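S.K.: Sharing a structure here in structure tokens format.
Residue numbers (my numbering): 130 to 317.
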């Protein structure tokens, strides 16, 4: 069972809606003739980390949602990327072809996304790159700079019948008024 044994190789030109959704045994896909990917085709394939595909022209909604992908397939011929197509993936860089249509939330919650290159004439849907909250480890959250930068501390007290404080609890919530904690550095 290693990654080499969990590679899907196909000569298909399209992948149907939901064809491999939720399959956690696929690590890599080689589909050099592929031009179209249906909705939910690979959604939830959490171990899918590498794809080698042909000149994709259309990617359906939720197609690669919640996968382990760190880069997109070649998007130089893409005409449409469906809503939530790469949402929740580990994509670090996105290059969108000229005149493509990018639907709402296409790259939402891609917390590792650092760079976006957008061709001319591209139509971008609402919240296409929405990632308001950066996920932090417990050690990072305990770092006061992270807390003060994006989180606000609140406390509440538990009182007995007489009004005497029995216990005080503290919690932190993400404060949208303090800005975005996204890693996105470049949009061109």
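We put the beta carbon where it would ideally sit given N, CA and C, even for glycine.
Predicted model, so just to flag it, every value in this text is computed and none were measured.
Could you spell out the range, first to last residue, of the beta strand (DSSP E) harbouring residue 223?
M.R.: As a working mapping, residue 223 is identified with position 94 in the chain shown. Annotation: the continuous beta strand (DSSP E) that includes residue 223 extends over 222-225.
S.K.: Can the beta-carbon of residue 166 be found closer than 7 angstroms to that of residue 144?
M.R.: Locating residue 166 in the chain shown gives position 37, where the first residue counts as 1. Locating residue 144 in the chain shown gives position 15, where the first residue counts as 1. Their beta carbons are under 7 angstroms apart, which means residue 166 touches residue 144 by this criterion.
S.K.: What whole-angstrom Cβ distance do residue 146 and residue 168 have, given they're in contact under 8 angstroms?
M.R.: Your numbering for residue 146 matches position 17 in the chain shown. Your numbering for residue 168 matches position 39 in the chain shown. Confirmed, Cβ separation roughly 5 angstroms.
S.K.: With residue 229 as the anchor, note down where its beta strand (DSSP E) starts and where it stops.
M.R.: By 1-based counting over the chain shown, the position of residue 229 is 100. Element bounds for residue 229: n/a, residue is neither H nor E.
S.K.: In whole angstroms, give me the CA-to-CA distance for residue 200 and residue 245.
M.R.: Position 71 of the chain shown, counting from 1, holds the residue named residue 200. Position 116 of the chain shown, counting from 1, holds the residue named residue 245. Distance from the CA atom of residue 200 to the CA atom of residue 245, rounded to whole angstroms, is 12 angstroms.
S.K.: Curious, which full-length beta strand (DSSP E) runs of at least 3 residues does the region 171-199 contain?
M.R.: 179-182
S.K.: Sort 185, 231, 297 and 222 by Cα distance to residue 256 and report the nearest one.
M.R.: Stepping through the chain shown from its first residue, residue 256 is reached at position 127. Comparing Cα-Cα distances from residue 256 to each of 185, 231, 297 and 222, the minimum goes to 231.
S.K.: Spatial neighbours of residue 248 within its chain, please: C-beta separation below 6 angstroms, excluding the five flanking residues on both sides.
M.R.: As a position in the chain shown, residue 248 is number 119, starting the count at 1. Only 225, 226 and 227 meet the Cβ criterion.
S.K.: Taking the continuous beta strand (DSSP E) assigned at residue 290, which residues delimit it?
M.R.: Counted from its first residue, the chain shown places residue 290 at position 161. Unbroken run through residue 290: none, as it is neither H nor E.
S.K.: Please classify residue 191 as buried or exposed, where buried requires at least 16 other C-beta atoms within 10 Å of its C-beta.
M.R.: Residue mapping note: residue 191 aligns to position 62 of the chain shown, counting from 1. So residue 191 counts as buried.
S.K.: Quick one: is residue 234 buried, meaning 16 or more other Cβ sit within 10 Å of its Cβ, or exposed?
M.R.: Against the chain shown, residue 234 aligns to sequence position 105. With at least 16 other beta carbons inside 10 angstroms of its own, residue 234 counts as buried.
S.K.: So, for residue 139: in the same chain, excluding its five sequence neighbours on each side, which residues have a beta-carbon less than 7 angstroms away from its beta-carbon?
M.R.: Position 10 of the chain shown, counting from 1, holds the residue named residue 139. Hits under 7 angstroms: 160.
S.K.: Roughly how many angstroms separate the alpha carbons of residue 137 and residue 149, rounded to a whole number?
M.R.: Your numbering for residue 137 matches position 8 in the chain shown. Your numbering for residue 149 matches position 20 in the chain shown. About 10 angstroms.
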